[in-house]
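Report on the structure given below.
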Amino acid sequence: MNDTPTLQGPGTLCPADGRPLDAVVPTTPDEVRAAVEGARIAQRGWGARSFDDRAKALVALGRRMLETRAEALRLLRDEMGRSDADSLMAEIASMAEFAKGVVRAARKELGVERVSLSRLDFPGKRARIEPVPRGVVGIISPWNYPVLNLVKPLFPALLAGNGVVVKPSEHTPRSSVWLARLVNEVCGDGLVEVVQGDGAVGALLVESGVDAVVFTGSVSTGRKVARMAAERLIPCSLELGGKDAALVLRDCDLERTVAGIAQWGFHNAGQNCAAIERVYVEESIADRFVERLGAFASELKVAEGDGAPADLGPLQNARQLEIVERHVEDALAKGAVLVTGGERTGQGLGYRPTVLDGCHEDMLVMKEETFGPVLAVARVKDEADAIRRANDSPFGLTGSVWTKDLTRGERVARLLEVGVAYVNNHSFTGGAVPELPWTGVKETGYGVAGSRHAYSTFVRRRALLTDGAKAPDPWWMPIDDTLADFGEALVGRSLGSLGAFLKLGGLLGKRVKAIKALASGK
Ligand code: NAD
500 MNDTPTLQGP
510 GTLCPADGRP
520 LDAVVPTTPD
530 EVRAAVEGAR
540 IAQRGWGARS
550 FDDRAKALVA
560 LGRRMLETRA
570 EALRLLRDEM
580 GRSDADSLMA
590 EIASMAEFAK
600 GVVRAARKEL
610 GVERVSLSRL
620 DFPGKRARIE
630 PVPRGVVGII
640 SPWNYPVLNL
650 VKPLFPALLA
660 GNGVVVKPSE
670 HTPRSSVWLA
680 RLVNEVCGDG
690 LVEVVQGDGA
700 VGALLVESGV
710 DAVVFTGSVS
720 TGRKVARMAA
730 ERLIPCSLEL
740 GGKDAALVLR
750 DCDLERTVAG
760 IAQWGFHNAG
770 QNCAAIERVY
780 VEESIADRFV
790 ERLGAFASEL
800 KVAEGDGAPA
810 DLGPLQNARQ
820 LEIVERHVED
830 ALAKGAVLVT
840 GGERTGQGLG
850 YRPTVLDGCH
860 EDMLVMKEET
870 FGPVLAVARV
880 KDEADAIRRA
890 NDSPFGLTGS
900 VWTKDLTRGE
910 RVARLLEVGV
920 AYVNNHSFTG
930 GAVPELPWTG
940 VKETGYGVAG
950 SRHAYSTFVR
960 RRALLTDGAK
970 APDPWWMPID
980 DTLADFGEAL
990 VGRSLGSLGA
1000 FLKLGGLLGK
1010 RVKAIKALAS
1020 GK
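Just so it is clear: in the sequence shown, position 454 is 953 by my numbering, and no numbers are missing.
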């Protein structure tokens, strides 16, 4: 398989051992439109259910995912080539708790908000803000975490009362079908539909009547999706690429930092939008740090497709392997030092965990998203140098600072141009803490996944004002001298005149009388 990985279409081979996988049939344009209509019909009943009812179903769905995990793990092993333990921890084991967290974060946000109105200015009236489901949400997913990157928008979309049509990546089309089946068993038939195919099917989905779209993927596709959504005037949430930096300060706990950086550089073979790709380490500890990191990385095992425990999987597809190899070659040609790795494993699309030292900004590995098991280390003079270089990136997803001084860590973390900043950890909140926003700046896009702040994509806000007053409002027609006097008194009241305030009651009575006279013709 190593010599001919590109001869196969996306998603047709297991990347760990080259086994052929069952074919997945692409969805036709008519079927895409029918899927949106089907989800719309199912949404009517689901959207009418109470928040508590939907929340209960979501928690039950999380449990069903755990109960049926063997099926998901098999699909993830086939499509991602990871070990089962890796996939279990990366995408499945936390799902019941994740569902509970989504419910906790949303309860207030999806409740009815009462707006208090001044009794003097707005007599007899009450006002509320009510969340209304958008209708059908289109979710377009990438291939790197086929379950988790779907769950992140799927759970809040459902909890908010929407139907959903999912377009999984053509590289990893199968686990979405498992998840949609569970949703439809637990929440109601047809609530989640899956359409299959490449970018053309994704584009068709955006154009087929969905009421909002959540896109997770690359910057270039994100721009296209945003343009299509703008044309249709539908909300669009974008979760795009990253080139995350870790700042290793000289007062860090070296052992824990080495383990943490290896974890979040090599997790999922670095195919993580929030993987650590750039490491800025203070010169004074750089030799020891690089030596320990290299030793750690060289012990890690790449999965071989048999499900047995292994630290990371292969690259998911041949194109990604080609990008990783190109970035490493470019770095070495420009003077980087290979500490460990830098080659294929010889099995499937496996690539050894790689540490490069002496990296600088002219190298692709420091500029473009590598999305592979490669940690590029650059030595910096001091903290200020590290911050400046970390921020010198078109992306801004997450970033981390490693130091024993937590106050210093938080100060530096706040200076990073990112959506999610960590001190002494990295990346894990996206898949484990749904109460926190998962969001970025710059070309990472403006989407917010997670937390109560995610809901503008999934609900619109209806303002409902109910007027129980018997009398007409004093500002209604006719526009006459009594209205002019009333208006002047209102202005005087707002400017602090007690006299004007005391006059308001009498003027209000006059206004009501004048309006009633006009209305009754007397
Ligand atoms: P991609 O942009 O190639 O594809 C993503 C999805 O979009 C796929 O389902 C694809 O079929 C579909 N698509 C392609 N062209 C389309 C079009 N014109 N209209 C509509 N849909 C279209 O991205 P990818 O390679 O699958 O994913 C990797 C990228 O995703 C990386 O850049 C990674 O950083 C990013 N990502 C970001 C986050 C985040 O939370 N910010 C999470 C995971 C992945």
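Where is the CB? At the ideal position from N, CA and C, for every residue including glycine.
To the nearest angstrom, report how far apart residue i and residue j are at their CA atoms.
{"i": "G580", "j": "D861", "result": "33 Å"}
{"i": "R907", "j": "I775", "result": "21 Å"}
{"i": "E530", "j": "G610", "result": "35 Å"}
{"i": "A534", "j": "F957", "result": "19 Å"}
{"i": "S444", "j": "G1005", "result": "Because residue 444 is not part of the residues shown, which for the chain are 500 to 1021, the question remains open."}
{"i": "F788", "j": "A761", "result": "11 Å"}
{"i": "D502", "j": "P514", "result": "Legend: pLDDT at D502 = 42, less than 50; position of this residue unreliable, no value from coordinates given."}
{"i": "L837", "j": "L831", "result": "7 Å"}
{"i": "G623", "j": "G1008", "result": "15 Å"}
{"i": "S640", "j": "S736", "result": "12 Å"}
{"i": "V693", "j": "T511", "result": "18 Å"}
{"i": "G721", "j": "L681", "result": "29 Å"}
{"i": "G517", "j": "L820", "result": "14 Å"}
{"i": "G740", "j": "S549", "result": "36 Å"}
{"i": "P933", "j": "L915", "result": "22 Å"}
{"i": "V778", "j": "V664", "result": "39 Å"}
{"i": "D881", "j": "W901", "result": "13 Å"}
{"i": "P504", "j": "A785", "result": "Residue placement at P504 is flagged as unreliable, the pLDDT there being 43, under the threshold of 50; the coordinate-derived value follows with that caveat. One C-alpha to the other measures close to 38 Å."}
{"i": "L935", "j": "K607", "result": "15 Å"}
Mind checking whether the beta-carbon of residue i lies closer than 8 Å to any heavy atom of the ligand NAD?
{"i": "D984", "result": "no"}
{"i": "S668", "result": "yes"}
{"i": "K723", "result": "yes"}
{"i": "S950", "result": "no"}
{"i": "Y644", "result": "yes"}
{"i": "P641", "result": "yes"}
{"i": "A571", "result": "no"}
{"i": "L704", "result": "yes"}
{"i": "M727", "result": "yes"}
{"i": "F621", "result": "no"}
{"i": "A699", "result": "yes"}
{"i": "V868", "result": "Sequence inspection shows Glu at residue 868; the Val mentioned does not correspond to that position. Flag set: Cβ of E868 near the ligand NAD."}
{"i": "W763", "result": "no"}
{"i": "F714", "result": "yes"}
{"i": "G804", "result": "no"}
{"i": "S593", "result": "no"}
{"i": "E590", "result": "no"}
{"i": "N648", "result": "yes"}
{"i": "E578", "result": "no"}
{"i": "V718", "result": "yes"}
{"i": "G847", "result": "no"}
Taking 9 Å as the CB-CB limit, is residue i close to chain C?
{"i": "K607", "result": "Within the model displayed, chain C is absent; a lone protein chain is all it includes."}
Starting from the Cα of residue i, find the closest Cα among the options and give me that residue.
{"i": "V801", "options": "E578, E882, R818, F765", "result": "F765"}
{"i": "V757", "options": "N923, A768, Y945", "result": "N923"}
{"i": "R633", "options": "L748, A768, L732", "result": "L732"}
{"i": "L1017", "options": "Q819, L748, R563, D979", "result": "D979"}
{"i": "A571", "options": "A589, G544, K555", "result": "A589"}
{"i": "D1022", "options": "L658, R576, E629", "result": "What the structure shows of the chain is the stretch from 500 to 1021, and residue 1022 is not part of that stretch, so it cannot be assessed."}
{"i": "G537", "options": "L799, S717, G687, T897", "result": "G687"}
{"i": "S707", "options": "K666, S674, P672", "result": "K666"}
{"i": "R726", "options": "E629, Q770, V705", "result": "V705"}
{"i": "S899", "options": "G946, N771, E867, V747", "result": "V747"}
{"i": "V854", "options": "L616, G841, T943", "result": "G841"}
{"i": "P973", "options": "I1014, R992, A595", "result": "I1014"}
Below 8 Å on the Cβ atoms is my guess for residue i versus residue j; work out the distance and round it to an integer in Å.
{"i": "V876", "j": "Y850", "result": "In fact, because the Cβ distance is near 18 Å, the residues do not count as touching under 8 Å."}
{"i": "A796", "j": "T844", "result": "Contact doesn't hold; Cβ gap of about 13 Å is too wide."}
{"i": "V524", "j": "L557", "result": "Their Cβ separation, rounded to whole angstroms, is 30 Å, which puts V524 and L557 out of contact at 8 Å."}
{"i": "A962", "j": "I628", "result": "6 Å"}
{"i": "V646", "j": "I591", "result": "7 Å"}
{"i": "L520", "j": "D577", "result": "5 Å"}
Query - Length at least 3, wholly inside the stretch 587-633: the beta strand (DSSP E) runs in chain order - result: Whole beta strand (DSSP E) segments, 3+ residues: 612-614, 624-632.
Query raised in the report: Which runs of the alpha helix (DSSP H), 4 residues or longer, sit entirely within the stretch 767-839?
Result: Counting only runs of 4 or more, we get 782-797, 817-832.
Query raised in the report: Curious, which full-length alpha helix (DSSP H) runs of at least 4 residues does the stretch 883-924 contain?
Result: Complete alpha helix (DSSP H) runs here, min 4: 905-913.
Report task. Starting from the N-terminal side, write out each stretch of the alpha helix (DSSP H) that is 4 residues or longer and does not extend beyond the stretch 703-776. Result -> With a minimum length of 4 residues, the continuous alpha helix (DSSP H) runs that stay inside the stretch 703-776 are 718-731, 753-765.
Query raised in the report: Counting only runs that start and end within the stretch 934-1006, where is the beta strand (DSSP E) found for 3 or more residues in a row?
Result: Given a length threshold of 3 residues, each whole run of the beta strand (DSSP E) inside the stretch 934-1006 is given here in chain order: 958-966.
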